[in-house]
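For what it's worth, this note's numbering labels the leading residue of the sequence shown as 6, then goes sequentially.
Note that beta-carbon positions come from the ideal geometry of N, C-alpha and C, so glycine has one too.
Working notes for the structure below.
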Amino acid sequence: MPDSMLEFKHSAWLVLILLLVITGCSLHYDTGKELESEGRYEEASIEYHRAFVDDPDDLEIQEALQRVHRKVAEENLVRYREYLEKKQYHKAFSRLQSILRQNPEIGEAQEELKHWTRILLTGKIEFEFKTIGMNLRLAEKMELQVHLNSPSGELLRGEVSYENGIFSVEDLLYKTPREKLSEYTLNTIGLELHRKDSRGFTKEQFERFIYFRTLIPGSVEGRLNGIIESVKKVADQRSNLLQKPESELKDWFPPRLVRYQMLLDENQIRILSSEKRREFAPEVLYLNSTSGRAFIDFGVLELKRDENRKKWSIRRKTMVRNSDDYFTELSRNLALSRYFQYEQAYRYVN
C-alpha cells in the first residue's frame with residue numbers, strides 16, 4: 006500500500022476521533038442546557054462538568070458550570086438548614102462542605118462553618134490475642150473494637166488494628182463549647198465475632214473485655230483556658246507526656262459502676278473519683294479553635310486477662326521513652342494530618 010494511502014487513512018482516523026470528541030462535548034453541553042432550563046440544576050452541573058472535562062478551555066462551558074454551581078449551592082443551603090433542624094448533623098455538614106466547594110462566597114455558609122468542630126479520637130490497645138479463649142478464636146471473623154461515649158450521647162465505634170493496636174474515630178459537633186469536648190470517655194473494649202450456625206446463617210456476637218458503660222460526670226466545674234495561642238505541632242509536644250518509671254500504674258479491674266467528677270482548671274482536666282484511676286478518660290485534648298478541629302488522645306491502654314479471677318484488667322501504660330509513644334506511627338497517616346496542629350493542649354490528671 007502506498008505511503009500516501011496510509012497517511013490518508015491515519016488522517017481520517019484523527020478527524021473521526023476529533024469529531025467524536027466534539028460531538029460528545031456538544032451533547033453533554035446541550036443536555037446540561039436543557040436540564041438547567043427545567044430547573045434541574047444538580048443534574049445539569051453533572052452534564053456541564055462532563056463537557057468541561059472534554060473541553061476545559063471552552064469559556065461558555067466554564068460560565069455555565071459556574072452558573073449552575075451557584076444554583077446548586079443555594080439548593081444545598083436549604084437542605085443544610087433542614088438537616089440541622091432534624092439534628093442530622095453528619096448530613097448537614099456534608100451539605101455545608103458541598104456549598105463551600107460550589108460557591109465559597111456565600112456568607113451564611115462561611116459563618117456556619119465556624120460553629121462546627123471536627124474531632125479525631127485515637128489511642129492504642131495492647132492486647133495479646135492468644136489470651137482469649139479457644140472458643141472465641143474459632144469464630145469465622147473477629148474484630149477488636151472500642152466504643153466511646155460522646156457529649157452528644159451517640160455511641161461511637163472504632164476498629165482496633167491487629168497490626169499495630171491503634172484505633173481512630175472521627176466525630177462532629179455543632180455549636181459545642183470547648184468544655185464539652187472534655188466529656189469523651191471509653192465505654193467498651195471488646196471483640197465482635199461472626200459465627201455460622203448449623204443452618205449456615207451468620208450470627209454476630211460481642212464479647213466485652215472492659216465495660217465502663219455510659220459514663221456521665223456527676224458534676225463539671227470550672228472553665229478551660231480559652232486564650233488562642235500560636236499554632237504548634239502535636240509532635241513537638243509529645244515529650245511532655247514522658248514520666249518517671251516509678252509512676253507505672255498497677256492493673257485495674259474496674260468496678261461495675263464508675264462515678265466521677267470533673268474539675269476544669271485552665272490547662273488541666275482533673276478527674277476526681279474514689280478509684281483514683283482514669284483509664285476511661287483521655288490523656289490529652291488538643292484544640293485548634295481557628296481550624297475547628299480537636300485531637301483527643303486516649304494514650305496506650307494495656308489489657309490483660311487474669312485466669313484466676315476470670316476477668317480482664319486495664320492499665321494506662323506510662324510513657325518513659327519516645328519509643329513508647331504510638332503517635333509517630335499514627336502521624337504517618339496523611340489523611341489525619343490536619344488534626345495534628347493545635348493552639349491549646351489540656352492534660353487529664355487525677
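Alpha-carbon to alpha-carbon, residue j and residue i
i, j, result
"E280", "R310", "20 Å"
"G170", "Q67", "48 Å"
"N272", "I232", "10 Å"
"V26", "N293", "At V26, the pLDDT of 46 sits below 50, so the modelled position is not reliable; the number obtained from the coordinates is stated separately. Near 48 Å, if we compare the C-alpha coordinates of N293 and V26."
"T181", "W121", "8 Å"
"L196", "L82", "41 Å"
"V289", "R200", "38 Å"
"W362", "L153", "Because the chain spans 6 through 355 in this model, residue 362 falls outside it and cannot be assessed."
"Q102", "Q115", "10 Å"
"K4", "G158", "As displayed, the chain neither begins before 6 nor continues past 355, which places residue 4 out of reach and without an answer."
"F332", "N338", "10 Å"
"L177", "Y94", "7 Å"
"T207", "L198", "10 Å"
"Y179", "L32", "43 Å"
"E52", "K96", "24 Å"
"S336", "R243", "12 Å"
Expected contact under 8 Å - CB spacing of residue i and residue j to nearest Å
i, j, result
"G163", "S155", "The Cβ separation is near 12 Å, so there is no contact."
"K76", "Y46", "4 Å"
"I124", "A299", "5 Å"
"G128", "L306", "6 Å"
Beta carbon of residue i nearer than 8 Å to that of residue j
i, j, result
"Y353", "Y291", "no"
"I274", "L126", "no"
"Q349", "N245", "no"
"K322", "D329", "yes"
"V239", "F345", "yes"
"R264", "G223", "yes"
"K119", "G304", "no"
"I130", "L160", "no"
"I319", "P260", "no"
"F4", "F285", "With the chain running from 6 to 355 in the structure shown, residue 4 is simply not present."
"L269", "E188", "no"
"I104", "A69", "no"
"R283", "N355", "yes"
Beta-ladder partner(s) of residue i, from DSSP
i, result
"N154", "L160 and T190"
"R298", "R123 and N293"
"S318", "K309"
Where residue i sits in the DSSP three-state scheme
i, result
"S166", "coil"
"I27", "Note that I27 scores a pLDDT of 48, beneath 50, so its modelled location is shaky and nothing firm can be said."
"H199", "strand"
"F172", "strand"
"K76", "helix"
"Q241", "In the sequence under discussion, the amino acid at residue 241 is Asp, which differs from the Gln named in the question. In the structure shown, D241 sits in a helix (DSSP, three-state: H, G or I)."
"I51", "helix"
"I104", "helix"
"P7", "Below a pLDDT of 50, predicted positions are generally treated as unreliable, and P7, at 49, falls in that range; the measurement from the model is reported next regardless. It is coil, neither helix nor strand."
"N81", "helix"
"D311", "strand"
"I233", "coil"
"V263", "coil"
"F258", "coil"
Residue i CB to nearest heavy atom of the ligand PLP below 7 Å
i, result
"R45", "With respect to the ligand PLP, the structure shown offers nothing to examine, as it has no ligands at all."
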